[in-house]
Every structure is written in structure tokens, then in C-alpha cells.
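Going by the numbering used here, the sequence shown runs without a break in its numbering and finishes at 490.
From the three backbone atoms N, C-alpha and C, an ideal C-beta is built for every residue, glycine too.
Notes for the one structure printed next.
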Amino acid sequence: MQRRIFMRLVGGGTVAAAVASLAGCATDFPAEALAPWQGPGKEPDTRRWALAHAILAPSPHNRQPWLADLREPDAISLHVDRTRLLPETDPWFRQIMVGQGTFIEALALALQERGLVPVVTLFPEGEFKPREIDDRPVARIHWQPGAAAPARDPLFAQLLRRCTAKTDYDTTQPVLPATLEGLKGAMTNPDVHFDASLDPTRVERLRRLCWESAQVELLTPRTVMESVRLTRVGPGEIALHRDGISINTLVPRIANAVGAFDRDHPPAPGSTAYKQMTSRFEGHSRTAMGFVWLSTPTARHAASGSQRSAEVAAGRAYMRLQLKATELGLQMHPMSQAPQEFAEMKTHYDELHRLLLGQPPSVETVQMFCRVGHCAPTQHQPRRGVDAILRA
Ligand SMILES: Cc1cc2nc3c(=O)[nH]c(=O)nc-3n(C[C@H](O)[C@H](O)[C@H](O)COP(=O)(O)O)c2cc1C
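Structure (C-alpha cells):
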């Protein structure tokens, strides 16, 4: 089947050698790209040990947009790595800020596991403006050596296990209401609002919205190109970059090997590349067995200049939620197309807020919107390692 698709893709002939060399190849990501998932072992340096857990946090497009400053003892200052933004799909950097929160929560869980009491101060030099980011720290996380150890958080145990499965869910396996109740138990910040739905009519409408909004992203040249440029195909590229969208299946690898993977133009509607991209989104949307979402009050944060803090808080809550989902054997996959703020998405953005919250985004902002369900385990996504995020 894969071979047939491939032949249609590149027309056969000269590429027989490429097929032969790749036939039977494993789709597992290269070991060096996954090494961070082994954990830091007996790493003696507390900060490196904790950072080795924090880099396993989820981030949009696996950008890992973090820089850690270790110049102060018993502290870590976190900055946004502004070379790792997503300006087309995330023009105001909201998702990047959510991805700072996931890192902070994982870091705090790891420090607690080490018997420390992490104190997280957001924006110690002042908060970024709502649609801007700059070089000031997002957070300073510090601790007093020898302070009384806090209770360890059982969610820590899920850090090395968690992953975002990007496959169709099993539609014969429903999500139980009790599982969603269990998820809710992971929420600790009352300023981040959790809600969920398993209602068939609502789920069907939200599935449709996922699919419709995905098509907007895929048919808008500059937004689809952002993903194309961050796509890593085959073991060589995956091991080199260890970020972005990693693909190691046969057809794209062959296309890449013979120069048929076009990185300069959006996939033409109707082309094999387009069909492959769209079918993934279609399958993910269609097999959503329920949805969960996190939101924060817009006007209150706008009035107090704390919109960026709210985004980070949502990221911390999302980290906890996905770890709890892992503990409960539930899959949770962000579907961030409708919540994106680029102009062409506006109708779907507004519709998402109407369907989830019954309120416009000026009142409450959807920070994370995810499908939930069950599927076979999938492999972890690459990580760049601790040294890559240390600020010189
Ligand atoms: C703010 C945010 C938005 C995300 N949006 C999407 C999304 O729209 N589609 C998707 O497939 N994954 C999304 N993800 C998941 C990331 O792609 C995923 O975390 C990353 O690839 C690393 O994989 P891992 O979570 O398995 O470690 C999002 C994650 C975050 C934190």
C-alpha cells in the first residue's frame, strides 16, 4: 500500500534505489533524539536534574522555546527562546507563553521530588505586554536549601511516561465521565477554569470545528508553510534538530530522499502531500471521543495587566492535566487550530468560544482545547537535551 502511494507520488523509475534502501526501515525515532526520555539518572547537580525533567514538557510544535539562566545559585531564571517562536500560527505568542507554563510546572514537580520547596515568581522584572514578548525573565524559580521538604506530588511519576499521541483514537472505547472527574482533581489553580464534554451532539459539533479550522490552517499558505518548514523527515533530520514535527514513516522519507518533499511551496490541494496532511487532521478530529478545555477570564487579566501570567498559569494547569491523564490511562491531544489568533481563523476562533464558553473571547479566553480518547501507546517526541537550553 505504502509502495503504491509512493509510486503515485514520485512516478517510479529512478527512485527504485531509494525504495530499496529504505524498505523495511524502522519508523522508530533515532535513539539519540529520544535519549532525554531516559531521565537524568543519578545526575548530582540538582538544577540539571530538575531541568532534565522540565525539557520533557509539551510545547507547541515541539519548539521547546526555553532558555534557563543558572547564574544565581539555588535558582533558575526562565526566558523565552525568541528564536523558537511561531509567528504565523501564534502571532501574539500566546501558545509560546502556555509552553512556558508547562516547563515551569514540570520543573517545580521535579524540584519538589528532590525535597526542595520551589518558589515561582512570574515576571520578576515586569510582565510582557499582551501581544509582545521580550528578553526579561518569564519566571524566577528559587529555593532555600535545607527548608522543610514539601509533600512530593504523585504526578511527578508520570513525567517520563507522558506523551501526546497524534493518532486516531479507538472509537469503540468511550471516555468515562469518572475519568474526566479524575482529571479535574489535578487542577490546583482556581483562576484557570476547566471544563469538558462527552455529550454526543456537542462532541460532534466540536469535531467538525476541529476539522474545519484545520483546513483553514492548511489552506492558508503562510500558516501551512510554518509547519512544513518545521517538519523533520527521516532519522538524519530528526536527530539533527530534535524538535518540530518529526516524521519517520516510509512515504515521506522516500519523497524526501528523492527531493520530492517540497519545502518551498504549500502542498497543492489534491496532491499526495496535501492528502496526507489533511487525512491526519481529519482522522484526529473524527475520532475525538470527548473534549476538555482550559480558559481564563480575559477582562480581569486585561485590567490588571496579567494576561501573560494567565497564559503561563494555563500552561501549568495543562501540564498537570496531561500528567493526570497519563496516570488515568487517557490520551489528551491539543487541537490548537480553532484557538489560533491569525486573521483567517477569526470565524472559527469566535465559534469555539461560543461553543465552549457561551461567551466571547473578550470575556473569557480559551487557552487549551484538547480531544480525549484512547489509543495504543505511541513513541515519545524528540528533545534537544539540557545543554541546548542553557543560556550562555
Ligand atoms: C500550547 C500548546 C499547543 C499545542 N497544540 C498542538 C496542536 O495543535 N496539535 C498537535 O498535534 N499538538 C499540539 N501540541 C502538542 C505538541 O505538539 C507536543 O507537546 C510536542 O510535539 C511534544 O510532544 P510530546 O507532548 O509528546 O512530548 C500543543 C502543545 C502545547 C503546549
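So what does DSSP say about Gln429, is it helix, strand or coil? Gln429 carries a strand assignment under DSSP once its states are collapsed to helix, strand and coil.
Do Thr321 and Glu186 have their CB atoms nearer than 9 Å? A contact, by the Cβ cut-off of 9 Å.
Would you give the residue range spanned by the beta strand (DSSP E) that Ile343 belongs to? 343-345
Thr219 Cβ short of 8 Å to ligand 1 heavy atom set: no
In the DSSP output, which residue or residues are listed as bridge partners for Val218? Ile239
Distance cutoff 9 Å, beta carbons only. Does Arg351 sit that close to anything in chain C? Given the protein chain composition of this structure (a single chain), no chain C is represented.
For Gln465, which of helix, strand or coil comes out of DSSP? strand
Assigned secondary structure, Pro395 (DSSP; H/G/I helix, E/B strand, else coil): strand
CA-to-CA distance, Ala263 to Tyr447, given in whole angstroms: 24 Å
Under 9 Å between C-beta atoms of Ile153 and Phe201: yes
If you compare alpha carbons, which of Glu442, Trp391, Pro364 is closest to Pro319? Pro364
If you check the beta carbons only, do Leu205 and Gln193 fall under 9 Å apart? no
Note down the Cα distance separating Arg339 from Ala245, rounded to an integer number of angstroms. The displayed chain sequence assigns His, not Arg, to residue 339. About 39 Å.
What's the C-alpha gap between Ala294 and Gly199? 21 Å
Quick one: complete beta strand (DSSP E) runs, 3+ long, within the segment 159-226? Entirely contained in the segment 159-226, the beta strand (DSSP E) runs reaching 3 residues are, in chain order, 164-167, 173-178, 217-220.
Can you tell me where the beta strand (DSSP E) with Thr262 in it begins and where it stops? Neither: Thr262 is in no beta strand (DSSP E) and is coded neither H nor E.
Which two residues bound the contiguous beta strand (DSSP E) that contains Ala294? 291-295
I'd like to confirm something about Pro222: is its beta-carbon nearer than 8 Å to some heavy atom of ligand 1, or not? no
Out of curiosity, what's the CA-to-CA distance linking Gly283 and Gly332? 40 Å
Roughly how many angstroms separate the alpha carbons of Thr385 and Val356, rounded to a whole number? Take the alpha-carbon of Thr385 and the one of Val356: they are about 33 Å apart.
Alpha carbons only, please: which of Arg229, Asp179, Pro216, Val290 is nearest the one belonging to Asp188? Arg229
Rounded to a whole number of angstroms, what is the C-alpha to C-alpha distance between Ala166 and Pro298? 44 Å
Rounded to the nearest angstrom, how far is the Cβ of Arg452 from that of Asp341, given a contact under 8 Å? Not quite, the Cβ-Cβ distance comes to about 34 Å (not below 8 Å), so this is no contact.
Are there 16 or more other CB atoms within 10 angstroms of the CB of Arg101, so buried, or fewer, so exposed? Note that Arg101 scores a pLDDT of 42, beneath 50, so its modelled location is shaky and nothing firm can be said.
Should Met493 be counted as a contact of ligand 1 given a C-beta to heavy atom distance under 8 Å? Residue 493 lies beyond the range of the chain shown here (99 to 490); nothing can be said about it.
Using only the heavy atoms of ligand 1, determine whether one of them is closer than 8 Å to the beta carbon of Thr385. no
Would a C-beta distance cut-off of 9 Å place Leu168 and Arg238 closer than the cut-off? no
Please look up how many angstroms separate the CB atoms of Leu421 and Leu253, rounded, as I've assumed it's under 8 Å. 4 Å
Option in Leu450, Gly139, Ala155 with minimal Cα separation from Val303: A small correction: the amino acid at residue 303 is Arg; Val does not occupy that position in the sequence shown. The shortest C-alpha separation from Arg303 is found at Leu450.
Which word fits Gln242, buried or exposed, when buried means at least 16 other C-beta atoms lie within 10 angstroms of its C-beta? exposed
Considering only C-alpha positions, which residue in the set Pro248, Leu348, Leu392, Asp362 is nearest to Thr125? Leu348
To the nearest angstrom, how far is it from the Cα of Ala400 to the Cα of Ser434? The straight-line gap from Cα to Cα measures roughly 22 Å.
Proximity winner among Ala247, Leu220, Arg259, relative to Arg212 (alpha-carbon distances): Ala247
Is any heavy atom in ligand 1 found nearer than 8 Å to the beta carbon of Ser157? yes
Answer yes or no: do Gly413 and Arg469 have a C-beta to C-beta separation smaller than 9 Å? no
Cβ-Cβ separation, Val290 to Leu392 (assumed contact under 8 Å), whole Å: 6 Å
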